[in-house]
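Let me begin by presenting the structure, written as structure tokens, before commenting on it.
Numbering (our numbering), first residue to last: -12 to 228.
Quick look at the structure:
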């Protein structure tokens, strides 16, 4: 006659895989949920960094760097130069076929400044190379402080890249706020929401790469798409923000 204890082990052993699978599923769901909450919280923090209005820099700098790719960035940077916020201006990411004359067609009042105090960088194709060219330009001229001009949604990543490229230079952000940002809340526009999500992903990637570099782990370029160059014979301020 078999006892109850002799009959239990098979049943328990059959139930064990099911228990393990349930525990694994629960762990996966919990991990995904925590990851989603973390990404959502990070996105909120990212959005909190974006200025909704343009604020003049609190001080002057040795130079001004503007990263092409968004509406009114170049014109705002030239306005800062004209107001005496910097001694020279670097326009980084200009299309290789463009010259100062192409920019002056859309900004006729800036001809004098373009002739005397503006340098064009035609080699940068993304934010990382923008930072490298700005570093080279600043070091060649002995500049110790720069005003960085780019769109508000692009500013967090630009500062990450430029701070990493030139930690010895003080960076003063000037965030350009496009008309679309002013006219409608970002959450009412699907295109703007997608732009912000894409920029947030690039910002996270840049932060991760820079932190790894600080630990001595250098990664290859992240494959970021080229910035929109100033189109030949088109206004420098007409690019989509």
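All C-beta atoms in this analysis are idealised placements derived from N, C-alpha and C, irrespective of residue type, glycine included.
Residue range of the unbroken beta strand (DSSP E) whose run includes residue i
i           : result
residue 201 : Run containing residue 201: none in the beta strand (DSSP E); it sits in the alpha helix (DSSP H), 177 to 201.
residue 79  : 75 to 79
residue 160 : 157 to 163
residue 53  : 50 to 54
residue 134 : 132 to 138
Status (buried if at least 16 other CB within 10 Å, exposed otherwise) for residue i
i           : result
residue 122 : buried
residue 175 : exposed
residue 178 : exposed
residue 85  : buried
residue 64  : buried
residue 89  : buried
residue 56  : buried
residue 193 : buried
residue 134 : buried
residue 125 : buried
residue 50  : buried
residue 40  : exposed
residue 11  : exposed
residue 184 : exposed
residue 152 : buried
residue 9   : exposed
Host alpha helix (DSSP H) of residue i (start-end)
i           : result
residue 90  : 87 to 93
residue 60  : 60 to 69
residue 114 : 114 to 128
residue 204 : Here residue 204 belongs to no alpha helix (DSSP H), and DSSP marks it neither H nor E.
residue 107 : Looking at the DSSP string, residue 107 is not in any alpha helix (DSSP H); the run it does join, the beta strand (DSSP E), is 105 to 108.
residue 97  : Taken as a continuous stretch (DSSP letters only), residue 97 belongs to no alpha helix (DSSP H), as it is neither H nor E.
residue 143 : 142 to 152
Nearest-angstrom Cα separation, counted from residue j out to residue i
i           : j           : result
residue 230 : residue 114 : Absent from the model: residue 230. The displayed extent of the chain is -12 to 228, so no value can be given.
residue 98  : residue 164 : 24 angstroms
residue 110 : residue 13  : 50 angstroms
residue 74  : residue 196 : 32 angstroms
residue 136 : residue 108 : 15 angstroms
residue 205 : residue 199 : 7 angstroms
residue 101 : residue 167 : 28 angstroms
residue 78  : residue 94  : 14 angstroms
residue 182 : residue 203 : 31 angstroms
residue 36  : residue 156 : 21 angstroms
residue 69  : residue 44  : 14 angstroms
residue 190 : residue 32  : 12 angstroms
residue 29  : residue 42  : 24 angstroms
residue 147 : residue 15  : 32 angstroms
residue 132 : residue 149 : 12 angstroms
residue 127 : residue 120 : 11 angstroms
Cβ separation of residue i and residue j, assumed to be a contact under 8 angstroms, to the nearest whole Å
i           : j           : result
residue 80  : residue 117 : 6 angstroms
residue 159 : residue 46  : 7 angstroms
residue 53  : residue 34  : The Cβ separation is near 23 angstroms, so there is no contact.
Residue from the options with nearest C-alpha to residue i
i           : options              : result
residue 48  : 180, 129 and 96      : 129
residue 71  : 39, 189, 104 and 181 : 104
residue 106 : 87, 155 and 92       : 87
residue 161 : 141, 180 and 148     : 141
residue 66  : 151, 171, 96 and 112 : 96
residue 169 : 188, 91 and 38       : 38
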